[in-house]
Structure formats: C-alpha cells, structure tokens
Amino acid sequence: MANRHLSRSIAMQSLYEWDFNGRKGDIKSIVQKNISEFAPGMSDSGFVNELVDGVLKNLDKINSIIEKYAPEWPLEQITIVDRNVLRIGVFELLFGDKENVPPKVAINEAIEIAKTFGGESSGKFINGVLGAVFKDVELKKISGLE
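Heads up: the sequence shown at position 119 corresponds to 136 in this note's numbering, and the numbers run straight through without jumps.
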C-alpha cells in the first residue's frame, strides 16, 4: 500500500503545481514530470492519473463541497497544499473506488499527506473538513437519502 501513498503524494504535488501556476499548463506533463522526479521506479501510475483526472473532472463539485464544509475559509484563502489535499480527499470519499479505498483510509491518507506537506495545523483542518463530509455521507446512507 505504500505505492498508493506515494501516488497520492504525487497527485497532490501535481495538483499543487497546476493550482500554483493559475491552473495553467498541461496537467499530464506535470504528472509525468513529478513521477519521473519523485518515483522514477514506479511501474504503474494508474492511481496517480485516476486521482488527478477525477479531481479535475469533478473540480466544481469538489470545490463547492469544500466551501460548504469549511465555511470560515474561502477556497482561495485555504493554503494551496491544504486545498489540494482536500480536493483529493473529497474525490476519494464521494467519487472514488470505495471498494478498494474505504473512506477512513482516504481520510487518514489525506491527514498524513497534509502533515507531511502542509503547515502545523493542516492535519487537524483536513481531519475536520473530511470528517464532516464523511459524517454527512454516512447519515444520508443510514437515512436512505443517498
């Protein structure tokens, strides 16, 4: 499973670079450059591409969810690292393969990546937002609304 953690890290770094540069540039090239630089021996980059493509495909929905669950933090005021960790986490929770990536794993992975790349309080912030998203998703499942 260390490969999936590395894949998430590369996906976050790629989305960070794309976001930092004003959402310009070829994301596929950015991903390939980061794989070459940070995981030169990675034989399967499918999960990295799945995360990046999934986030971009659902970006507007994901951003709306982040804004809903972090109302005190306008999206542009959230640090670029935290914003992209949240995007990956929300993607995995709501749109990803729940059979192979249980929600709690997705949340824990996001927290660990935030602690590694983010600021002092990034892990707590990511945990709070993704925990609230997960709680609402579970409540909807239980009440039959989903």
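Beta carbons are placed, not taken as given, at the ideal position from N, Cα and C, and that holds for glycine.
Burial is judged here by how many other beta carbons sit within 10 angstroms of a residue's own beta carbon; Arg-25 has at least 16 and is buried. With a threshold of 16 other beta carbon atoms within 10 Å, Gln-30 meets it and is buried. In this structure, Leu-110 sits away from Ala-131, with a CB-CB distance that is not shorter than 7 Å. Restricting attention to Ile-82, Ile-97, Ser-81, the CA atom closest to the CA of Asn-38 is found in Ile-97. Under the 8 Å Cβ criterion, the region 144 to 160 does not count as touching the region 44 to 63, having fewer than three qualifying pairs. Taken atom to atom, the span from the alpha-carbon of Trp-90 to that of Gly-71 is near 23 Å. Annotation for Pro-120: the continuous alpha helix (DSSP H) segment containing it runs 120 to 134. By alpha-carbon distance to His-22, the top candidate from Gly-135, Lys-115, Val-65 is Val-65. Counting along the chain, Ser-53 sits inside the alpha helix (DSSP H) bounded by residues 44 to 55. The beta carbon of Ile-82 lies closer than 6 Å to those of Val-107 in the same chain, with the five residues before and after it left out. Annotation for Asn-101: the continuous alpha helix (DSSP H) segment containing it runs 97 to 111. With contacts defined by Cβ atoms closer than 7 Å, Asn-101 and Leu-147 do not form a contacting pair.
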